[in-house]
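Trainee:
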Amino acid sequence: MSIIISIGSGKGGTGKSTIAANLACVLARSGRRVCLADLDLGGADIHIQFGLFEPPRTLTDFITRRCDSLNEVLQTLDTVHGLQLLVGTGDTLQTANMNYQQKQRLLRGLQTIDCDILILDTGAGANYHVLDFFMAADIQVCITCPEATAILDFYRFLQLATIRKALSSFLSGSEVGTALREHSFETLDQVFTLAEETQPGARLKAREALEFFNPLLIINRVGNNARLNQMKLRTLVAKYLGVNLPDLGEIPEDQSVGRALRSFLPVCEYAPDSPSAQAIAKIGTRLGKVVDLYETKRRAAADNPAESG
Ligand SMILES: Nc1ncnc2c1ncn2[C@@H]1O[C@H](COP(=O)(O)OP(=O)(O)O)[C@@H](O)[C@H]1O
Ligand SMILES: [Mg+2]
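UniProt numbering numbers the first residue of the sequence shown as 1 and each following residue consecutively.
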């Protein structure tokens, strides 16, 4: 069973696809069997970063049932350390408006992909598809840029992801689950309050669901004069959402990223000594350690199911 890492951010243009592609390269280079899945339903473009202009198969083939297994859709990039790529879907009505059953089939299909690490690029915005792909992973990585607009979108994205996670702790048929699904929420506290009103003790249960939700933070496109007040963002997120954001690292604004894109290679392959590639390589090493830790925990839980809770 692979370890799934999702990449999300809220705003478009923060560098999700760039970072997803480069982290996939770095982790594949370290000897792991990596698959990169482009789940950006509105703007799938990761294949372009690898110069793949006419992919023979895409996610559309799976969604429209031309292929039964996602493994049939994958392309292996022999020149990029054997990285496997699930090319995203073009924006057709059928795929952009994927229904519940189609999405569940896709989420199940992702679990069957034969690799060590599966990286999901989740697309922009904070609609249900984006949030569900983001939350379906074992490890979440979130990305923001130092500008105020990106940070605001990032906070909103995280807030909606947190609410969705809290809601998912109640089965849809349960009393609390039913009550919660009939409302829309703007803040996490509203979720907790209604849950508790419906059933005493539910607040605690929702809080517990969030205990292991600690998305790892990457700040991208960091320049000299636009440093984000990271502490402020962290304090805000901890205070209002009760979520910690462990630091994965920063990536500088770097022209090599654009040059690499025009050469159809991720910057970690095109210019490994450039500042951005070096920063991403460091982040990749840290992420590799988080994956190792997760694997160890998963193995321990499988060996001692009673103790894992
Ligand atoms: N660190 C960086 N330095 C310079 N340009 C970057 C950096 N990160 C991303 N970019 C550029 O920003 C644009 C948006 O990046 P992209 O990865 O497509 O964002 P997203 O997937 O979040 O919409 C691309 O043109 C990309 O080359
Ligand atoms: Mg993108």
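Just so you know, even glycine gets a beta-carbon here, dropped at the ideal spot from N, CA and C. Since the structure is predicted, the reported quantities are computational estimates derived from the model, not experimental observations.
Express the C-alpha separation of Val-34 and Thr-76 in angstroms, rounding to a whole number.
Mentor: So the two alpha carbons sit approximately 10 Å from each other.
Trainee: Can we count Glu-147 as close to ligand 1, meaning its CB is less than 7 Å from some heavy atom?
Mentor: Checking every heavy atom of ligand 1 against the Cβ of Glu-147, none is found closer than 7 Å.
Trainee: Using a 10 Å radius around the Cβ and a threshold of 16 neighbouring Cβ atoms, would you call Pro-215 buried or exposed?
Mentor: Flag for Pro-215 reads buried.
Trainee: Ignore the nearest five residues each way along the sequence and tell me which others in Leu-236's own chain have a CB closer than 8 Å to its CB.
Mentor: Only Tyr-155 meet the Cβ criterion.
Trainee: Going by C-alpha to C-alpha distance, which of Thr-64, Asp-114, Leu-83 and Asp-292 sits closest to Asn-97?
Mentor: Cα-wise, what sits closest to Asn-97 is Thr-64.
Trainee: What residues in its chain sit with their C-beta under 8 Å from that of Ala-209, if we drop five residues either side in the sequence?
Mentor: Cβ neighbours of Ala-209 beyond the five flanking positions: Lys-165, Ala-166, Ser-168 and Ser-169.
Trainee: Return yes when at least one heavy atom of ligand 1 lies under 7 Å from the C-beta of Val-130, else no.
Mentor: Flag unset: Cβ of Val-130 not near ligand 1.
Trainee: Beta carbon of Gly-8: closer than 7 Å to some heavy atom of ligand 2?
Mentor: Flag unset: Cβ of Gly-8 not near ligand 2.
Trainee: Just to confirm my understanding: we take Tyr-294, look at its own chain, exclude 5 residues before and 5 after, and list those with CB closer than 7 Å. What are they?
Mentor: Ile-3, Asp-138 and Ile-139.
Trainee: Is the distance from the Cβ of Ile-280 to the Cβ of Val-26 below 8 Å?
Mentor: Their beta carbons are under 8 Å apart, which means Ile-280 touches Val-26 by this criterion.
Trainee: Terminal residues of the continuous alpha helix (DSSP H) containing Ile-48?
Mentor: Segment 46-49, the alpha helix (DSSP H) holding Ile-48.
Trainee: Counting C-beta neighbours from all protein chains within 10 Å, is the total for residue 389 16 or more, i.e. buried, or is it exposed?
Mentor: The first residue shown for the chain is 1 and the last is 309, placing residue 389 beyond what the model contains.
Trainee: Would you mind working out which of Ser-30, Lys-205, Asp-45 and Gly-125 sits nearest Leu-152, comparing C-alpha positions?
Mentor: Answer by Cα proximity: Gly-125.
Trainee: Could you pull out every unbroken alpha helix (DSSP H) segment of at least 4 residues lying fully inside the segment 237-272, listed in chain order?
Mentor: Segments of the alpha helix (DSSP H) lying fully in the segment 237-272: 255-262 and 267-270.
Trainee: Answer with buried or exposed for Thr-187, where buried requires no fewer than 16 other C-beta atoms within 10 angstroms of its C-beta.
Mentor: It is exposed - the Cβ of Thr-187 has fewer than 16 other Cβ atoms within 10 Å.
Trainee: Report, in whole angstroms, the separation of the C-beta atoms of residue 323 and Asp-121, which I expect to be a contact under 8 Å.
Mentor: Lying before the first or after the last residue shown, residue 323 is absent from the chain, which here runs from 1 to 309.
Trainee: Under 8 Å, do Val-267 and Ser-276 count as touching if we go by C-beta distance?
Mentor: Yes, these two residues count as a Cβ contact at 8 Å.
Trainee: Taking Arg-203 and Phe-192 to be in contact with their CB atoms under 8 Å, please state how far apart those CB atoms are, rounded to whole angstroms.
Mentor: With a Cβ gap of about 5 Å, Arg-203 and Phe-192 count as contacting.
Trainee: Does the Cβ-Cβ distance between Ile-7 and Ile-143 come in under 8 Å?
Mentor: Yes; because the gap between Cβ atoms is below 8 Å, this pair is in contact.
Trainee: If you follow the beta strand (DSSP E) that Ile-219 is in, where does it begin and where does it stop?
Mentor: Start and end: 216-222.
Trainee: Cα-Cα, which of Leu-160, Thr-198, Phe-185 and Ile-219 is closest to Ser-174?
Mentor: Checked all of Leu-160, Thr-198, Phe-185 and Ile-219; the closest Cα to Ser-174 is Thr-198.
Trainee: Have a look at Asp-38 and Ser-9 and give me their C-alpha separation to the nearest angstrom.
Mentor: Distance between the alpha carbons of Asp-38 and Ser-9: 15 Å.
Trainee: Could you check the C-alpha separation between Arg-32 and Ala-271 for me, to the nearest Å?
Mentor: Approximately 21 Å between the Cα atoms of the pair.
Trainee: Cα separation between Lys-239 and Thr-285?
Mentor: Each residue's Cα considered, the two are about 30 Å apart.
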